[in-house]
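Residue 73 in the UniProt record's numbering sits at position 73 of the sequence shown; the count goes up by one each step and never skips. Reviewing the structure listed below.
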Amino acid sequence: MAQAGFEELVEDFEFLEDWEDRYRTVIELGKAMDPLPEALKVPATKVEGCASQVWLHLTWEDGRLQFEGESDAMIVRGLIAVLHRLYDGLTPEEVTAIDARAELGRLGLNEHLSAQRSNGLRAMVERIQQQAAAAA
């Protein structure tokens, strides 16, 4: 049930030979994201449990998730871009129905991220899931 943009990313990853190529792709996704306005980098949007600084600004417009985020670490910024492709534009019910671990596993991220990065990614997913559950 993943978004079309996420499915495209899965297809792209299937053609990449090794993790280094995938890692570079994730970083490039992060570089392509618009920066989060400084006014939104506040304690309410900061995600705890991440080794780097992470902010997620989630809003609901017409019942659909509008997702922005930023990090001071390039790989984490890329992971935010991956989550954006997975969740942006979905209804709260669709967001909560996604098995993020399984979907991200299709990219091979689970076995290549450090424990700290995995914990941070899990914290970001939990924040998104919690806000979706509250909006449902």
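Ideal Cβ positions, reconstructed from N, Cα and C, are used throughout, including at glycine.
Here alanine 132 really is in contact with leucine 65; their C-beta atoms are around 7 Å apart, less than 8 Å.
Ranked by how close their Cα comes to the Cα of alanine 123, the residues Asp18, Glu20, Ala100 have Ala100 in first place.
The C-alpha of alanine 115 is placed about 24 Å away from the C-alpha of proline 43. As the crow flies, the alpha-carbon of glutamate 94 is around 17 Å from that of valine 82. For the 7 Å CB-CB criterion, proline 92 and alanine 32 do not form a contact. Serine 71 sits in a strand when the DSSP states are folded into three classes. Under the three-state reduction of DSSP, histidine 112 is assigned to coil, being neither helix nor strand.
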